[in-house]
Amino acid sequence: MSGKANPFESLQSQIDSAAVHLDIESDVLDRLKHPERVLETNLSIELDDGRLERFKAFRSQFNGDRGPYKGGIRYHPGVTRDEVKALSGWMVYKCAVVNIPYGGGKGGIVIDPAEYSASELERLTRAFATELRPFIGEDRDIPAPDVNTGQREMNWIKDTYELLENTTEPGVITGKAIESGGSEGRVEATGRSTMIAAREAFNYLDKPIEGARVAVQGYGNAGWIAANLLEEIGATVVAVSDSSGAIYAEDGFDTAAVKSFKNETGTVSDYEDADEEFTNEDLLTLNVDLLVPAALENAIDGDLAEDVDADVIAEAANGPLTPEADEVLTERDVHVIPDILANAGGVTVSYFEWVQNRQRFYWSEERVNEELETIICNAFDDLTSTYEAHDIENFRTAAYVVAIQRVVNAFEEGGTFP
Ligand SMILES: NC(=O)C1=CN([C@@H]2O[C@H](COP(=O)(O)OP(=O)(O)OC[C@H]3O[C@@H](n4cnc5c(N)ncnc54)[C@H](OP(=O)(O)O)[C@@H]3O)[C@@H](O)[C@H]2O)C=CC1
Ligand SMILES: O=C(O)CCC(=O)C(=O)O
7 MSGKANPFES LQSQIDSAAV HLDIESDVLD RLKHPERVLE TNLSIELDDG RLERFKAFRS
67 QFNGDRGPYK GGIRYHPGVT RDEVKALSGW MVYKCAVVNI PYGGGKGGIV IDPAEYSASE
127 LERLTRAFAT ELRPFIGEDR DIPAPDVNTG QREMNWIKDT YELLENTTEP GVITGKAIES
187 GGSEGRVEAT GRSTMIAARE AFNYLDKPIE GARVAVQGYG NAGWIAANLL EEIGATVVAV
247 SDSSGAIYAE DGFDTAAVKS FKNETGTVSD YEDADEEFTN EDLLTLNVDL LVPAALENAI
307 DGDLAEDVDA DVIAEAANGP LTPEADEVLT ERDVHVIPDI LANAGGVTVS YFEWVQNRQR
367 FYWSEERVNE ELETIICNAF DDLTSTYEAH DIENFRTAAY VVAIQRVVNA FEEGGTFP
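Here is the structure:
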């Protein structure tokens, strides 16, 4: 990743930019910029060869004014305490901007999961679930998938929690497999909201999405589905990448065929129908109509932003732009659909999963997608009305203005404990 910004400081600076447009006391604002609590723990597990290894893990519960803490768990060697704090704060404002009844949380383990066997990962995940048990619950804190975690890890966490609590509580975690109480449409939800938000933004800006040239950085859960659904609505996906590098096709990729290739070989590099291979940095500065960063934080810093050659950016990843990049892109009239709206489909369908778990009544995929469409379109309308009414500099700040006001309303309506 090109930028070195501290993501927690980036979050705080995004809140400060929005506060300029809001009438909020500085003590209340200060509270909105810091997590309520952060669990830091060391998990020691036995490896397959009998040795013990220690892994650092975190869970940050940032703010619970609007409901239980909600947010994913990431397995990545780059996980830090500040990254997890930032990701949990972004969850607060994400849930508020799409108006679902949650606060924000996030967790992570410092690990490269590719280096470990499935049984080692299961022991580690169950050890983390055991540590998390007193802090989580369907009305307390509800984890979900993020980078390098998915249904398998969520099923293990649910199972461990239920065994320890001697109960049945599928709503303690979302992103589960269907047979373990998951929801239709959750796997696709993050990419789907990215597509919907991009489509709405193109419509708002009077640009055709049909035929729009798209570049997608990251071909995991968020990136590949976003690419696939953008292709489905008529956009041309000319470039995609993963951690191994980027590939380009002038006439556009068959995104599903690239995914099958990646499933077989582990990477998008060497894909036979590509015209060219280049670097992730080349992809981020390609001349396209829509750029979708769908990997990690700080993909675009202030310097790289000077070379970005896209009209619109839809942030499928959390925090892919540094505050300096935002400033440059605002100045250059590049419209950025912020992460807290563009990728909010994941947590929105997690919310649907939690509702279904509590009611023990399951929805069709069609219903899930319709309800998601409504929530993302309403949130986009709230964002643009605020953007216009307050003459705000960019979409991100408008989204934070909407979200922060909702969190502050909930906090103030609750009153102060004597
Ligand atoms: N999963 C979800 O529901 C949600 C995810 N998000 C966010 O979306 C982003 C991606 O998450 P998700 O798709 O779930 O994660 P995945 O683990 O499924 O995929 C991550 C992708 O990013 C690629 N990648 C990692 N590092 C780089 C790099 N330096 N340059 C280019 N590509 C890179 C990976 O490459 P490789 O395949 O080679 O490892 C992989 O293709 C994250 O920011 C996450 O927080 C946001 C909301 C919900
Ligand atoms: O599905 C969820 O609860 C959270 C997903 C997530 O971690 C995110 O939106 O960044």
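The sequence shown begins at 7 in this note's numbering and counts up by one. Just so you know, even glycine gets a beta-carbon here, dropped at the ideal spot from N, CA and C.
Counting the other CB atoms within 10 Å of its CB gives F367 a total below 16, which places it among the exposed residues. Assigned with DSSP and collapsed to three states, I202 falls in helix. For G420, the shortest separation between its Cβ and any heavy atom of ligand 2 does not lie below 8 angstroms. G95 counts as buried, since no fewer than 16 other beta carbons sit within 10 angstroms of its beta carbon. In this structure, DSSP gives I163 a helical state, which the three-state scheme calls helix.
Judged by the Cβ position, P149 qualifies as a neighbour of ligand 2 at the 8 angstroms threshold, a heavy atom of the ligand being closer than this. The beta carbons of A322 and N349 sit about 5 angstroms from each other, so the pair counts as a contact at 8 angstroms. When distances are taken from the beta-carbon of N269 to the heavy atoms of ligand 1, even the shortest one reaches 8 angstroms or more. Distance from the Cα of V90 is smallest, within the candidate group G325, N384 and E330, for G325. Rounded to whole angstroms, the gap between the alpha carbons of T392 and L378 is 21 angstroms.
Using a Cβ distance threshold of 9 angstroms, I202 and L296 do not count as a contacting pair.
The bridge partners DSSP lists for D315 are N293.
Burial check for E376: the Cβ neighbour count within 10 Å stays below 16, so the residue is exposed.
At least one heavy atom of ligand 2 lies less than 8 angstroms from the C-beta of W96. Rounded to the nearest whole angstrom, the C-alpha separation of E256 and D281 is 7 angstroms. The beta carbon of R146 sits closer than 8 angstroms to the beta carbons of P74 and Y75 from its chain, once the five residues preceding and following it are set aside; these are given in chain order. W369 is a Cβ neighbour of E190, given a cutoff of 9 angstroms.
Taking all protein chains in view, the Cβ of D307 is crowded by 16 or more other Cβ atoms within 10 Å, so the residue is classified as buried. If you compare the alpha carbons of T196, G70, Y357 and A133 with that of I51, the shortest gap goes to A133. I306 is bridged by DSSP to L327.
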